[in-house]
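Engineer:
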Amino acid sequence: MITKGSPGCGKGITVHKILVCDDDKDIVKAISIYLKAEGYDVAEAYNGKEAVEILEKENKELLILDVMMPEMDGISALSAIREKSNIPVIMLTAKSEDTDKVIGLNIGADDYVTKPFNPVELIARVNSQLRRYTRLGGVGRDENETGMLTVGGIELNDASKEVRVDGQTVHLTKTEYDILKFFMQHPNTVYSPNEIYERIWNDAAFGNEGTVAVHIRHLREKIEIDPSEPRYIKMIWGRGYILPYEK
Numbered sequence: 322m323i324t325k326g327s328p329g330c331g332k333g334i335t336v337h338k339i340l341v342c343d344d345d346k347d348i349v350k351a352i353s354i355y356l357k358a359e360g361y362d363v364a365e366a367y368n369g370k371e372a373v374e375i376l377e378k379e380n381k382e383l384l385i386l387d388v389m390m391p392e393m394d395g396i397s398a399l400s401a402i403r404e405k406s407n408i409p410v411i412m413l414t415a416k417s418e419d420t421d422k423v424i425g426l427n428i429g430a431d432d433y434v435t436k437p438f439n440p441v442e443l444i445a446r447v448n449s450q451l452r453r454y455t456r457l458g459g460v461g462r463d464e465n466e467t468g469m470l471t472v473g474g475i476e477l478n479d480a481s482k483e484v485r486v487d488g489q490t491v492h493l494t495k496t497e498y499d500i501l502k503f504f505m506q507h508p509n510t511v512y513s514p515n516e517i518y519e520r521i522w523n524d525a526a527f528g529n530e531g532t533v534a535v536h537i538r539h540l541r542e543k544i545e546i547d548p549s550e551p552r553y554i555k556m557i558w559g560r561g562y563i564l565p566y567e568k
């Protein structure tokens with residue numbers, strides 16, 4: 322994130338730095354135009370290898386990443402990025418790439434947009450991810466806003482963004498962390514997939530119940546001894562998910 326100041330601007334204007342990666346240069350250029358019109362600072366890459374290299378050298382706050390690319394595809398690039406960074410990632414997928422979409426979410430993508438995409442929807446999803454990124458401490462976190470949440474064997478330190486389960490540190494993506502924190506703040510309450518999506522993504526669900534299910538399944542793999550028999554985030558059939566807790 323960079324801040325631009327000019328005479329009369331007061332505290333200045335926050336400019337978020339975004340990387341756009343697609344092997345179709347026309348798509349990259351179009352997305353860049355949309356994002357720059359919203360005031361974002363945009364860098365461009367044309368294959369996964371370039372994106373990984375840029376993120377190793379430069380600080381970015383969001384990545385828009387295509388799935389199908391030469392040299393290194395989006396799935397491989399995302400896997401490499403997740404080894405070192407929790408930067409929010411929005412995947413660009415074609416309608417025929419449903420399998421890759423699920424794989425991407427499992428690896429750690431935060432959201433996806435299907436091509437051909439509506440620019441208004443893409444910008445809305447970008448804005449939503451950046452709001453979450455800022456709120457969760459990626460940038461601009463208020464140092465006074467600290468807190469420790471404990472439910473059963475789970476300890477969530479919101480100051481350091483660390484999560485421990487039964488004494489062992491677990492590494493979560495920002496989306497997984499956000500979902501877990503939400504449930505720990507609201508135990509013993511059932512939330513439908515649509516409600517979870519709207520709370521976490523700060524956006525209308527748009528039929529993204531499957532996205533919620535994938536992220537919760539992946540979260541369970543990290544915090545549960547047996548993900549098929551969860552102790553924490555449970556499914557109430559026909560209603561939604563709940564984190565049961567007895568003091």
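In the working numbering, the protein residues as written are 322 to 568. Just so it is clear, CB atoms sit at the ideal spot from N, CA and C, and this is done for glycine as well.
Is the distance from the Cβ of V447 to the Cβ of L356 below 8 Å?
Structural biologist: Counted from its first residue, the sequence shown places residue 447 at position 126. Counted from its first residue, the sequence shown places residue 356 at position 35. In contact: V447 and L356 (Cβ atoms closer than 8 Å).
Engineer: Among all the DSSP beta bridges, which residues are the ones paired with V434?
Structural biologist: As a working note, residue 434 is residue 113 in the sequence shown. DSSP, once it has assigned bridges, lists L413 as partnering V434.
Engineer: So what does DSSP say about R485, is it helix, strand or coil?
Structural biologist: The residue you call residue 485 lines up with position 164 of the sequence shown. Strand, per DSSP.
Engineer: Would you mind sorting I546 into buried or exposed? The rule is 16 or more other CB atoms within 10 Å of its CB.
Structural biologist: Here residue 546 refers to the residue found at position 225 of the sequence shown. Exposed is the call here.
Engineer: Take N407 and list the residues in its own chain whose beta-carbon comes closer than 7 Å to its own, dropping the five residues that flank it on each side.
Structural biologist: Numbered from its first residue, the sequence shown carries residue 407 at position 86. So the list reads T494, K495, once near-sequence residues are dropped.
Engineer: Just mark W558 as buried or exposed, buried being the case when its beta carbon has 16 or more other beta carbons within 10 Å.
Structural biologist: By 1-based counting over the sequence shown, the position of residue 558 is 237. That one is exposed.
Engineer: Taking the beta carbon of A525 as the centre, do at least 16 other beta carbons fall within 10 Å, making it buried, or is it exposed?
Structural biologist: Here residue 525 corresponds to residue number 204 of the sequence shown, with the count starting at 1. Exposed, because fewer than 16 other Cβ atoms sit within 10 Å of the Cβ of A525.
Engineer: With distances taken Cα to Cα, identify the nearest neighbour of M412 among D394, K405, E404.
Structural biologist: Start at 1 with the first residue of the sequence shown, and residue 412 comes out as number 91. Comparing Cα positions, the closest option is D394.
Engineer: Can E392 and K370 be called in contact, C-beta distance under 8 Å?
Structural biologist: What you label residue 392 is simply residue 71 of the sequence shown in a count that begins at 1. What you label residue 370 is simply residue 49 of the sequence shown in a count that begins at 1. Yes; because the gap between Cβ atoms is below 8 Å, this pair is in contact.
Engineer: Roughly how many angstroms separate the alpha carbons of A358 and Y367, rounded to a whole number?
Structural biologist: Along the sequence shown, read from residue 1 onward, the residue named residue 358 stands at position 37. Along the sequence shown, read from residue 1 onward, the residue named residue 367 stands at position 46. Cα to Cα, A358 sits roughly 21 Å from Y367.
Engineer: State the beta-bridge partners of T471 as determined by DSSP.
Structural biologist: By one-based count along the sequence shown, residue 471 stands at place 150. Partner(s): E476.
Engineer: Should P532 go down as buried or exposed, given a rule of 16 or more other Cβ atoms within 10 Å for buried?
Structural biologist: By one-based count along the sequence shown, residue 532 stands at place 211. Looking at the sequence provided, one finds Thr at residue 532 rather than Pro. By the 10 Å Cβ count, T532 comes out buried.
Engineer: Any C-beta of chain D sitting closer than 8 Å to the C-beta of W558?
Structural biologist: The chain inventory of the structure shown lacks chain D, comprising one protein chain alone.
Engineer: Throw me the rounded Cβ distance for the K543 and V511 pair, which I believe falls under 8 Å.
Structural biologist: As a first step, residue 543 is located in the sequence shown; it is residue number 222 there, counting from the start. As a first step, residue 511 is located in the sequence shown; it is residue number 190 there, counting from the start. Going by Cβ atoms, the distance from K543 to V511 rounds to 22 Å, so no, they are not a contact pair.
Engineer: Hey, I521 and F503 are a contact pair by Cβ (cut 8 Å); roughly how many whole angstroms apart?
Structural biologist: As a working note, residue 521 is residue 200 in the sequence shown. As a working note, residue 503 is residue 182 in the sequence shown. So it is a contact: roughly 6 Å between Cβ atoms.
Engineer: Taking DSSP as the reference, what is the three-state secondary structure of T510?
Structural biologist: To locate residue 510, count along the sequence shown from 1; it is residue 189. In this structure, T510 counts as coil in the three-state DSSP scheme.
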